[in-house]
């Protein structure tokens, strides 16, 4: 959702989506605030599992179909975020300095040039 908990960190994102002539915006709210919204988005947000959210709508909100679609599109946009628990594991390899540390630790000995006869 808008507030995604990961460990003790909270990832908060503002979500804005538009459908036809209605634009719906969801903003994270402090814990315990509840859903601050009109009745239609409040029902959709509650069914989606949101607990604390401010909402704002711009445009023709009297057309409930478009208003509900814009709210649903904003809710759907929250599922496109990648939180750290969704990251794929990173495989680290040794740097060349670590890999060839034994070779690099040897003292450099300059060798005499060999003559090449043609």
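In our numbering, the protein residues as written are 24 to 141. We treat Cβ as the ideally placed atom computed from N, Cα and C, and that holds for glycine. These numbers were taken from a predicted model, which means no experiment stands behind them.
- Approximately 11 Å separates the beta-carbon atoms of residue 62 and residue 78; this is outside 8 Å, ruling out the contact.
- A contact is defined here as three or more CB-CB pairs under 8 Å, and the segment 74 to 90 meets this definition with respect to the segment 45 to 53.
- Runs of the beta strand (DSSP E) lying entirely within the segment 41 to 98, each at least 3 residues long, are 45 to 51 and 76 to 82 in chain order.
- Less than 8 Å separates the beta-carbon of residue 82 from that of residue 44.
- For residue 122, the enclosing alpha helix (DSSP H) stretches over residues 119 to 122.
- Residue nearest to residue 90 within the set 66, 112 and 136 is 66 (criterion: CA-CA distance).
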